[in-house]
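> Sequential numbering from 1 applies to the sequence shown in our numbering. Input: one structure, supplied below.
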Amino acid sequence: MKIVFWTLLFLSLLLIGCSKQKEKSVISDNDDIFMKVPDTIVLKSALHYNHKVSLWLLKDLPYSGFVVSHYPDSSLMEKFGVLNGKKQNKFIQWFPDGHFKNVANYHLGKLHGAKKIWSVDSIHVLIAHFNYDRGKAHGEQKKWYKTGELYKKLNLNKGKEEGIQQAFRKNGALYANYEAREGRIFGLKKSALCYGLEDENVQYEK
């Protein structure tokens, strides 16, 4: 009985230790993703973006702080954080009427997390909800027609199709419905579901 008792006690302590270690690891990962950006603010026009090194520079040095630009009436057009020359955390663009145009998240200059896009008309319908993991499209990706109906629902794994891929007509009828698994396609595929996340342009069927 004593042997059984001490064995169970040892296993319990081992499991608790592993659980705490895993919890610390998760917290550490989150701290790495959301990094503090200094409270300084500069106009976007005061910065230079060096395409060769992919850095935002202020007087030839990597900038850290927030960047803003305005419409002629002084209302905000754009605001985003920069850390050591690279976009960091929240990126927001507004339409002239103050409604969101584009909201995204960045980590070390790469898209990371959710990105949402709204239509340019006065209704400003949500037309895209993408998800990224360190610069690559990852997870569920959704697009809607300008009239609000679901257009596409894709599942990606680090930029590649994996799982159920669907496209719909405005009346809700399925246009394409297939599963991508290990580089193979299973199901109905009437056309290529090109999601076009690289240029971040949302295109619609005619």
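Ideal Cβ placement from N, Cα and C applies to all residues, glycine included.
(1) Compare the Cα-Cα distances from leucine 83 to each of His107, Asp97 and Ser74 and report the closest residue.
(2) Can you have a look at isoleucine 41 and say buried or exposed, based on whether 16 or more other CB atoms are within 10 angstroms of its CB?
(3) Under the rule that 16 or more other beta-carbon atoms within 10 Å means buried, what is valine 120, buried or exposed?
(4) Going by beta carbon distance, what residues of the same chain come within less than 8 angstroms of histidine 138, once the five residues before and after it are set aside?
(5) With DSSP as the reference, label serine 75 as helix, strand or coil.
(6) With a CB to CB cut of under 6 angstroms and the five nearest residues on each side skipped, what residues in its chain are close to alanine 46?
(7) Could you please give me the residues that DSSP links to alanine 180 through a beta bridge?
(8) Run through DSSP, which three-state label would serine 45 get?
(9) How about lysine 116 and tyrosine 145: are their beta carbons less than 9 angstroms apart?
(10) Any idea if histidine 112 is buried or exposed, counting beta-carbon neighbours within 10 angstroms, 16 or more meaning buried?
(11) Could you please give me the residues that DSSP links to valine 37 through a beta bridge?
(12) Measure the C-alpha to C-alpha separation of tyrosine 175 and alanine 104 and round it to an integer number of angstroms.
(13) Kindly provide the ranges of any beta strand (DSSP E) runs that are 3 or more residues long and lie completely inside the region 95–136, ordered along the chain.
(14) Considering only the beta carbon of each residue, do serine 69 and glutamate 78 sit closer than 9 angstroms?
(15) Per DSSP, glycine 81 forms a beta bridge with which residues?
(16) Using three-state DSSP, classify lysine 170 as helix, strand or coil.
(17) Distance check for lysine 152 and glutamate 23, CA to CA, integer angstroms please.
(18) Within 9 angstroms of any Cβ in chain C, is that where the Cβ of isoleucine 185 sits?
(19) If you draw a straight line from the alpha carbon of phenylalanine 186 to that of alanine 173, how long is it in whole angstroms?
Quick answer:
(1) His107
(2) exposed
(3) exposed
(4) Asn131, Tyr132, Leu156, Asn157, Lys158 and Gly159
(5) coil
(6) none
(7) Gly163 and Ile185
(8) helix
(9) no
(10) buried
(11) Partner(s): none; valine 37 has no beta bridge.
(12) 29 angstroms
(13) 100–107, 113–118 and 126–133
(14) yes
(15) Phe66 and Gln88
(16) coil
(17) Here the model assigns glutamate 23 a pLDDT of 33, short of 50, so the residue's position is not dependable and the matter cannot be decided.
(18) Here chain C cannot be found, since the structure has a single protein chain.
(19) 19 angstroms
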